[in-house]
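In our numbering, the protein residues as written are 13 to 72. Heads up: the structure comes next, in structure tokens.
Next up, the structure:
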């Protein structure tokens, strides 16, 4: 059962990261947040993790 728990945790992480990415993108688009170096770096790391998780599960 450990494999299923790991999959569930990773899929939950993916969902959370996508939600955070949407919120960040919307905030920058509406001008509520400036894309400074620190938060842009966090966004890049988040995006890289999203891509990694999507590849693990064969998602586009």
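In this text, a Cβ means the ideal position worked out from N, Cα and C, and glycines have one as well.
What first and last residue would you give for the alpha helix (DSSP H) that runs through residue 36?
-> One-based indexing of the chain shown puts residue 36 at position 24. It spans 14-41 - the alpha helix (DSSP H) in which residue 36 sits, taken as one unbroken run.
In three-state DSSP terms, what is residue 56?
-> For the purposes of this step, residue 56 is taken as the residue at position 44 of the chain shown. Here residue 56 sits in helix by DSSP.
Residue-chain proximity (residue 27, chain C), Cβ-Cβ < 9 Å | Among the chains in the structure shown there is no chain C, since it carries only a single protein chain.
Where does residue 65 sit, in a helix, a strand or coil, going by DSSP?
-> Position 53 of the chain shown, counted from the first residue, corresponds to residue 65. Three-state DSSP puts residue 65 in a helix.
Examine the Cβ distances between the region 24-31 and the region 55-68 and report whether three or more of them are shorter than 8 Å.
-> yes
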